[in-house]
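Asks:
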Amino acid sequence: MARRPEHLIYGVDDKVPLPMLFLLSFQHIFLMSSTLVLPVVLVTETGGGFEQLRSVVALTMIACGLGTIFQAFRFGWFGSGYLCPNLCGPNFFTASMTAAWLGGLPLMRGMTIFAGLVEIVFARTLRRVKFLFPPEITGLVVLMVAIGIIPLGVSKSLGINYEGEPIQGACVAVAFLTLLVMVGINIWGKGKLKLYSVLGGLVTGYLLSLPTGLLTGAHFHTVAASPWLALPSTGGMLNITFKWSLVPIFAIVSITGALKSFGNLIMCEKVNDSEWTRPDTRRVGNGLMADAFCVTVSGLIGGMASDTSASNVAFSAASGATSRYIGYMTGALFIALGFFPRITGVLCIMPMPVMGAILIFVTCFMIISGIQIIMGAGMDNRKTFVIGISIIFGLSLDLLPALFVDVPNAVRPLFESSLTLSTVLAVVLNQVLRLGELVKTT
Amino acid sequence: MQLRFIALIFALLCHVPHLHADDQLSRYMYEDTKRLVKLVEDAATLMERKGTDAFSEFGDKKSRWFDDQSFLFVYTREGICIFNATIPDLVGKNLIDLRDMNGKPMARFVTDVSRKPRRDAHGWVFYLWQEKNEFEPKWKSAYIRKVAMPDGTVCVIGAGRHHIKIEKVMVQENVQSAVDLLAAEGKRSAFKEFLNPASRYSFLDTFIWVTDERGRALVDPAFPEKEGRDLTLFRDAIGRPVMKEIIDKLQRADEAWVQYLWPKPGAVAVSRKLVYARKSRVDGETFLVGSDFFLATPIWMKQ
Chain F
1 MARRPEHLIY GVDDKVPLPM LFLLSFQHIF LMSSTLVLPV VLVTETGGGF
51 EQLRSVVALT MIACGLGTIF QAFRFGWFGS GYLCPNLCGP NFFTASMTAA
101 WLGGLPLMRG MTIFAGLVEI VFARTLRRVK FLFPPEITGL VVLMVAIGII
151 PLGVSKSLGI NYEGEPIQGA CVAVAFLTLL VMVGINIWGK GKLKLYSVLG
201 GLVTGYLLSL PTGLLTGAHF HTVAASPWLA LPSTGGMLNI TFKWSLVPIF
251 AIVSITGALK SFGNLIMCEK VNDSEWTRPD TRRVGNGLMA DAFCVTVSGL
301 IGGMASDTSA SNVAFSAASG ATSRYIGYMT GALFIALGFF PRITGVLCIM
351 PMPVMGAILI FVTCFMIISG IQIIMGAGMD NRKTFVIGIS IIFGLSLDLL
401 PALFVDVPNA VRPLFESSLT LSTVLAVVLN QVLRLGELVK TT
Chain G
1001 MQLRFIALIF ALLCHVPHLH ADDQLSRYMY EDTKRLVKLV EDAATLMERK
1051 GTDAFSEFGD KKSRWFDDQS FLFVYTREGI CIFNATIPDL VGKNLIDLRD
1101 MNGKPMARFV TDVSRKPRRD AHGWVFYLWQ EKNEFEPKWK SAYIRKVAMP
1151 DGTVCVIGAG RHHIKIEKVM VQENVQSAVD LLAAEGKRSA FKEFLNPASR
1201 YSFLDTFIWV TDERGRALVD PAFPEKEGRD LTLFRDAIGR PVMKEIIDKL
1251 QRADEAWVQY LWPKPGAVAV SRKLVYARKS RVDGETFLVG SDFFLATPIW
1301 MKQ
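Those protein sequences? They're chains F and G, same order as listed.
Per the working numbering, the first sequence starts with residue 1, numbered consecutively.
Per the working numbering, the second sequence starts with residue 1001, numbered consecutively.
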């Protein structure tokens, strides 16, 4: 039985007063919107027109909203019952782009549905392999998910999009002050004020972006050019294709996404249970099932694939509001906003440093949670090597990718992300280094 | 006290001039390109107002006209250097015959900008340049702007930078220039120029290729001595028939952009490559003229 941590203002099953529910949901929506630029880039880069762009963004929002609601459900085999929103993270971006180049949106849809099915299989087998994921390894997954957000958060804070670009002083200033406001509200905010740390940061960031030229009239003209109300186009929705050559890349991305969601759901468990010791694999598996359905729905309706959002989970931990009713409201509002392009436009023009500051703010919580889960497992020499070696090789992939250029094709999928590499290494090492123990037991 | 300190940091950081989107800068995608263009455009505006009096400001190492990676230079139409912020010894010398290691007449290309009709004409010049403290030459990209000084003298001002990423507009202008040359000088002379490493048509690992209507190579940078390779057989890293797609698009329009996937030299993972091609009719023959380049990957994405 979970024990509710004292610092939580609204626990997982607490009902939240309506005005507060709206304010908290809007903060989650802003976080979820921070990656809506990805479907915009995808459609633009693949030669889509404005109508197609608007539709793909709206359908992605609808799928993410549904995913957030699915996750807050707590049925027998479906939904974790946690506040764990979905966003279209960078995880699926490259694979989706490849599919869109190769066969347009119909192929992207088909491959996204395939990715959802892969995750369904992973979710259903999780309980049978729960012995592979003791607390220290789940902590490692949470930590590596957080580390995966660092490049995005830091580069956006410095105002850099591409290698060789200069640091933009105005971006650094806005990011620094936005972060300062969020940290300040979180540390010194009395009572329920800390529920609004991200909102405080957002308002500060948007206001500072005006005099510094990061938000200009051109941005607002773009927003003003969008209609208030519009239905996403459903033309070609039944046009779905599939390509075998893309199966490996989508299978890997799907498993990586599932591992990331695995980490996020464990973080949800830990935030909501002060006596948490090990993951509830049944509940996490149900959460993965909801995530898999969300990915499948994205493919079916024509949005870009999404996965659970580490930054939203970390924000709920930071604010002390983890009620799943916030998930229902956030999901419903995100779906509704999909039909209001002008409001979505305001979210899409979020200045880079504001986005970066928020990502840094929430990543701090995830990093510490990951470390706490690892250390809470009671470290001994075996666990030290399992975690240490896995982190060393996982990070080496990010720090020195050129080292792994020549790995054989058969194991190349493991080297697609540091999260995958470190998780697989930890699982294998954990079993190998327990050999002596197993022999003694038998 | 702490608040004052924060306010001071903010003021200092905001002092760095930010870029306002205007027509000239919005043509470019990357921030480092935009900064270089803005530096030269602003310097040109100052010269149009102050003439050579602006040089004292340009030479001030503490001014905004100076940074570790780029500096300003000014040439007359005849190729005489009248200002160089880091090598003052060059001032007064005629450098019109200066060439890079490929034999590219870089100073002539620079001064060519002054002969363009528009008052604010501009252009890019790419050359292999060896800095004093470096062992090997590296590609340098210079943005050049025509300037009419208050006394009516016309000259060019520019600044260069290493590691500038290839922009879509650079490739587009290069292909257009190749099409113009083909129309003006005919295929024999133009094809020879496209294959010449000292010409303006090859830079930063991009080249001009030409095929006939069916996709058979007439100018083939991969095999300069060979003609007639069937480029429609080329498929990208995931099996996409790139040339066929270009031909299809050019049957419906005069220009086409096509993206495909290909590993960068020495890399295993594939990257995005973009082709720009135009259709050109010369002396009753139809040619497809194009060029391609790798798109930069966002820094936060795993390469």
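The beta-carbon is built from N, C-alpha and C at its ideal position, and this holds for glycine as well.
Keep in mind the model is a prediction, meaning the values are calculated, not measured.
#1: Which complete alpha helix (DSSP H) runs does the stretch 269-313 of chain F hold, if anything under 4 residues is left out?
#2: Is G:W997 helix, strand or coil by DSSP?
#3: Let's test the definition: count the other Cβ atoms within 10 Å of the Cβ of F:W77 and tell me whether it reaches 16, buried, or not, exposed.
#4: Given G:D1180, which residues of its chain have a CB within under 7 Å of its CB, disregarding the five upstream and five downstream residues?
#5: Do three or more CB pairs link the stretch 264-271 of chain F to the stretch 298-317 of chain F at distances below 8 Å?
#6: Let me see if you follow: with CB-CB separation under 8 Å, is F:W101 close to chain G or not?
#7: Which residue from G:T1076, G:I1096, G:M1170 and G:E1041 puts its Cα closest to that of G:G1152?
#8: In terms of residues, what are the limits of the beta strand (DSSP E) holding G:E1285?
#9: In whole angstroms, what is the alpha-carbon distance linking F:T216 and G:Q1024?
#10: Which residues, in order along the stretch 164-189 of chain F, keep a beta-carbon less than 8 Å from a beta-carbon of chain G?
#11: List, in chain order, every chain G residue whose beta-carbon is nearer than 9 Å to that of F:T98.
#12: In or out: G:H1020 buried (at least 16 other Cβ within 10 Å) or exposed?
#13: Does the distance from the CB of G:I1157 to the CB of G:A1044 come in under 8 Å?
#14: Quick one: what does DSSP say F:S80 is sitting in, helix, strand or coil?
#15: Can you tell me whether F:G153 is buried or exposed? The criterion is at least 16 other CB atoms within 10 Å of its CB, across all chains shown.
#16: Check the DSSP bridge columns for G:N1084 and list the partner residues they point to.
#17: Is the shortest distance between the beta-carbon of F:N161 and the beta-carbons of chain G less than 8 Å?
#18: Can you check whether the C-beta of G:E1031 is within less than 8 Å of a C-beta belonging to chain C?
#19: List the residues of chain F that G:W1300 touches, going by C-beta distances under 7 Å, in chain order.
#20: On the DSSP bridge list, what partners appear for G:E1255?
#21: What residue from G:E1167, G:P1224, G:K1168 and G:A1184 has the CA that sits closest to G:K1192's CA?
#22: With a threshold of 8 Å, are at least 3 pairs of Cβ atoms found where one atom belongs to the stretch 125-145 of chain F and the other to the stretch 416-435 of chain F?
#23: How about F:S209: is its C-beta nearer than 8 Å to some C-beta of chain G?
#24: According to the neighbour-count rule (16 or more other Cβ atoms, all chains shown, within 10 Å of its Cβ), is F:S422 buried or exposed?
#25: For F:S245 and chain G, any beta-carbon pair shorter than 8 Å?
#26: Could you tell me whether the Cβ atoms of G:M1029 and G:E1167 are closer together than 8 Å?
#27: Is the Cβ of G:R1035 closer than 8 Å to any Cβ of chain F?
#28: Alpha carbon to alpha carbon, how far is F:S298 from F:I113?
#29: Rounding to the nearest angstrom, what Cα-Cα distance links G:T1211 and G:I1247 in this structure?
#30: In the structure shown, what three-state DSSP assignment does G:F1126 receive?
#31: Which bits of chain F does G:K1165 rub up against, with CB to CB less than 7 Å?
#32: Judging by CA-CA distance, which residue of F:L231, F:L288 and F:G376 is the nearest neighbour of F:F75?
#33: Classify F:P227: buried if its beta carbon has 16 or more other beta carbons within 10 angstroms, exposed otherwise.
#34: Here's the rule: buried if 16 or more other CB atoms are within 10 angstroms of the residue's CB, otherwise exposed. What is G:N1133?
#35: Within its chain, find whatever has a CB closer than 6 Å to the CB of F:L83; leave out the 5 residues flanking it on each side and keep chain order.
#36: Can you pull the chain F neighbours of G:A1296, defined as C-beta to C-beta under 9 Å?
Replies: Taking the definition as stated:
#1: Taking 4 residues as the shortest admissible run, the stretch 269-313 of chain F contains the following complete alpha helix (DSSP H) segments, listed from N- to C-terminal end: 281-301.
#2: The question about residue 997 of chain G has no answer, for chain G in this structure spans 1001 to 1303.
#3: Stepping through the first sequence from its first residue, residue 77 of chain F is reached at position 77. F:W77 comes out exposed.
#4: Sequence index remark: in the second sequence, residue 1180 of chain G carries index 180 (1-based). For G:D1180, same chain residues with a beta-carbon under 7 Å away, outside a window of 5 residues either side, do not exist.
#5: Because the criterion of three Cβ pairs below 8 Å is met, the stretch 264-271 of chain F and the stretch 298-317 of chain F touch.
#6: Mapped onto the first sequence, residue 101 of chain F falls at position 101. Yes, F:W101 lies at the interface with chain G (some Cβ there is under 8 Å from its Cβ).
#7: For the purposes of this step, residue 1152 of chain G is identified with residue 152 of the second sequence, where counting begins at 1. Distance check between G:G1152 and each of G:T1076, G:I1096, G:M1170 and G:E1041 places G:T1076 closest, using alpha-carbon atoms only.
#8: As a first step, residue 1285 of chain G is located in the second sequence; it is residue number 285 there, counting from the start. E1285 to F1294 is the span of the beta strand (DSSP E), which, as asked, contains G:E1285.
#9: Within the first sequence, the letter at position 216 stands for residue 216 of chain F. Within the second sequence, the letter at position 24 stands for residue 1024 of chain G. Taking C-alpha positions only, F:T216 is separated from G:Q1024 by approximately 17 Å.
#10: Cβ contacts with chain G: G164, E165, P166, Q168, G169, A170, V172, A173, F176, L177 and L180.
#11: For the purposes of this step, residue 98 of chain F is taken as the residue at position 98 of the first sequence. Think of a sphere of 9 Å around the beta carbon of F:T98: the chain G residues whose beta carbon falls inside it are I1238, L1261 and V1270, in chain order.
#12: Counted from its first residue, the second sequence places residue 1020 of chain G at position 20. Residue confidence is low: G:H1020 scores 41 on pLDDT, short of 50, so the model does not pin down where it sits. No coordinate-derived value is stated.
#13: By one-based count along the second sequence, residue 1157 of chain G stands at place 157. By one-based count along the second sequence, residue 1044 of chain G stands at place 44. Yes, the Cβ-Cβ distance between G:I1157 and G:A1044 is below 8 Å.
#14: Against the first sequence, residue 80 of chain F aligns to sequence position 80. For F:S80, the three-state secondary structure derived from DSSP is coil.
#15: Walking along the first sequence from the start, residue 153 of chain F turns up at place 153. Buried is the call here.
#16: For the purposes of this step, residue 1084 of chain G is taken as residue 84 along the second sequence, with counting starting at 1. G:F1073, per the DSSP bridge assignment.
#17: Sequence index remark: in the first sequence, residue 161 of chain F carries index 161 (1-based). Judged by the 8 Å Cβ criterion, F:N161 is in contact with chain G.
#18: Of the protein chains in the structure, F and G, none is chain C.
#19: Locating residue 1300 of chain G in the second sequence gives position 300, where the first residue counts as 1. The answer, in chain order, is P151, L152 and S155.
#20: Walking along the second sequence from the start, residue 1255 of chain G turns up at place 255. Bridge partners of G:E1255: G:R1278.
#21: In the second sequence, the residue the question calls residue 1192 of chain G occupies position 192. Out of G:E1167, G:P1224, G:K1168 and G:A1184, the CA that lies nearest to the CA of G:K1192 is found in G:P1224.
#22: Note that the stretch 125-145 of chain F touches the stretch 416-435 of chain F; at least 3 beta-carbon pairs, one per stretch, sit closer than 8 Å.
#23: As a working note, residue 209 of chain F is residue 209 in the first sequence. Residue-level contact check: F:S209 does not touch chain G, since none of the beta carbons of chain G fall below 8 Å from its beta carbon.
#24: Within the first sequence, numbered from 1, the residue matching residue 422 of chain F stands at position 422. Buried is the call here.
#25: As a position in the first sequence, residue 245 of chain F is number 245, starting the count at 1. Yes, contact with chain G.
#26: As a first step, residue 1029 of chain G must be located in the second sequence, where it is residue number 29. As a first step, residue 1167 of chain G must be located in the second sequence, where it is residue number 167. Yes; because the gap between Cβ atoms is below 8 Å, this pair is in contact.
#27: For this step, residue 1035 of chain G is matched to residue 35 along the second sequence. So yes, G:R1035 belongs to the interface.
#28: By 1-based counting over the first sequence, the position of residue 298 of chain F is 298. By 1-based counting over the first sequence, the position of residue 113 of chain F is 113. Rounded to the nearest angstrom, the two C-alpha atoms are 8 Å apart.
#29: Locating residue 1211 of chain G in the second sequence gives position 211, counting from the first residue. Locating residue 1247 of chain G in the second sequence gives position 247, counting from the first residue. Approximately 10 Å, taken between the alpha carbons.
#30: Locating residue 1126 of chain G in the second sequence gives position 126, counting from the first residue. DSSP places G:F1126 in the strand class (E or B) of the three-state scheme.
#31: By one-based count along the second sequence, residue 1165 of chain G stands at place 165. Going along chain F in sequence order, the residues near G:K1165 (Cβ under 7 Å) are Y162 and G164.
#32: Within the first sequence, residue 75 of chain F is the residue found at index 75, counting from 1. Ranked by Cα distance from F:F75, the first of F:L231, F:L288 and F:G376 is F:L288.
#33: One-based indexing of the first sequence puts residue 227 of chain F at position 227. Exposed, by the Cβ-count rule.
#34: One-based indexing of the second sequence puts residue 1133 of chain G at position 133. By the neighbour-count criterion, in which a residue is buried when 16 or more other Cβ atoms sit within 10 angstroms of its Cβ, G:N1133 is exposed.
#35: Translated into the one-based positions of the first sequence, residue 83 of chain F becomes position 83. The beta carbon of F:L83 is closer than 6 Å to those of S316, T322, R324, I326 and G327 in its chain, skipping five residues each way along the sequence.
#36: Along the second sequence, read from residue 1 onward, the residue named residue 1296 of chain G stands at position 296. Listed by position along chain F, the residues whose Cβ is nearer than 9 Å to that of G:A1296 are N161, Y162, E163 and G164.
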